[in-house]
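Under my numbering, the residue at position 25 of the sequence shown is numbered 247, and the numbers go up by one with no gaps.
To start, the structure under review is shown below, and the notes come after it.
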Amino acid sequence: MNPKIEEHLWRDFHPNMLVSMQAWLQPQLLPRYAAQIEARIGREQRERYLTIVSLSNREVVTVIELLSPANKRAGSDGRREYLRKREQILQSAVHLVEIDLLLKGERLPTVEPLPAGDYYAFVSRSECRPAVEVYYWRLNEPMPTIPVPLLPDDADALLNLQAVYEEVLARARYDVWLSDS
223 MNPKIEEHLW RDFHPNMLVS MQAWLQPQLL PRYAAQIEAR IGREQRERYL
273 TIVSLSNREV VTVIELLSPA NKRAGSDGRR EYLRKREQIL QSAVHLVEID
323 LLLKGERLPT VEPLPAGDYY AFVSRSECRP AVEVYYWRLN EPMPTIPVPL
373 LPDDADALLN LQAVYEEVLA RARYDVWLSD S
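Here it is in C-alpha cells:
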C-alpha cells in the first residue's frame, strides 16, 4: 500500500476500494448472497461500508468495514460513533470484517496485543466471538487474501486485497498523483 494514498487521496480511494471489493466478491456470492455498498451518516462525515446480504431473506450476514481516518482519530466523534456501531455488530449474529489500510491513527481495541504489522484485517465470526482472526502485513509486503464468512452451510468467500488494490490503482490512475515528478 502506498502511504501517499493515505496522505493525499483517501477520499477518492476509499469509495473506489469498496466498489472494487464489491465487484471482486459478487461472482463468489451469487446466487445466494449479494454485496451492497451502504452508508451511515455520522457527525464528521458519511461512512460507506459493504454488507453481504442473504437473498433468501434479505438479512445482513456480514459487514465489511474499510476503516477511514475518522474511525481512527483519537477522541473524535467519528471514532466514538464507529466503536458504538462496531459494538452493536459484535453483539449480534452478523459477522464483521474490518480492514485497516491506514498507518496513522489509533488501532482498533483488541483483547490480545496485536502482532507487529503496518496494516491489519480482522475477521470476527459471530459464532466464535470473542475470538478474532487477525491478518497483518508490512508496508512493502503484498496484502493477503482474507476470508469473508457467510452462513454456516456455505464456504467463506475470499477477498484478495492485493488484487483489488492493484485494480483500483490501475482504474483510478493514481500513478499520475503518486509519481515523484
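Beta carbons: idealized from backbone N, C-alpha and C, even for Gly.
7 Å CB neighbourhood of Tyr-311 in its chain, flanking five on each side removed: The sequence as given places Ile at residue 311; Tyr does not occur at that position. Counting only Cβ-Cβ distances below 7 Å, and skipping sequence neighbours, we find Val-285, Leu-318.
How many Å lie between Tyr-341 and Ala-296 at the Cα? Cα-Cα distance, rounded: 18 Å.
Give me whichever residues DSSP pairs with Asn-224 in a beta bridge. Paired residues: none, contrary to the question.
Roughly how many whole angstroms lie between the Cα atoms of Asp-397 and Arg-302? Those two C-alpha atoms are separated by around 34 Å.
Integer Cβ distance of Leu-373 from Val-283, believed to fall under 8 Å: Rounded to the nearest angstrom, the Cβ distance from Leu-373 to Val-283 is 6 Å, consistent with a contact under 8 Å.
Roughly how many angstroms separate the alpha carbons of Ala-379 and Val-356, rounded to a whole number? Taking C-alpha positions only, Ala-379 is separated from Val-356 by approximately 17 Å.
Select from Glu-320, Leu-272, Phe-344 the residue whose C-alpha is nearest the C-alpha of Asn-238. That would be Leu-272, whose Cα lies nearest to the Cα of Asn-238.
For Val-170 and Pro-369, which I take to be in contact (beta-carbon distance under 8 Å), what is that distance rounded to the nearest angstrom? Residue 170 falls outside the range modelled here, since the chain spans only 223 to 403, and no answer is possible.
Quick check for students: name the residue ranges of the alpha helix (DSSP H) that lie wholly in the segment 359–395, counting only runs of 4 or more. Within the segment 359–395, the complete alpha helix (DSSP H) runs of at least 4 residues are 383–394.
Delimiting residues of the beta strand (DSSP E) encompassing Asp-186: Because the chain in this structure spans residues 223 to 403, residue 186 falls outside the shown range and cannot be described.
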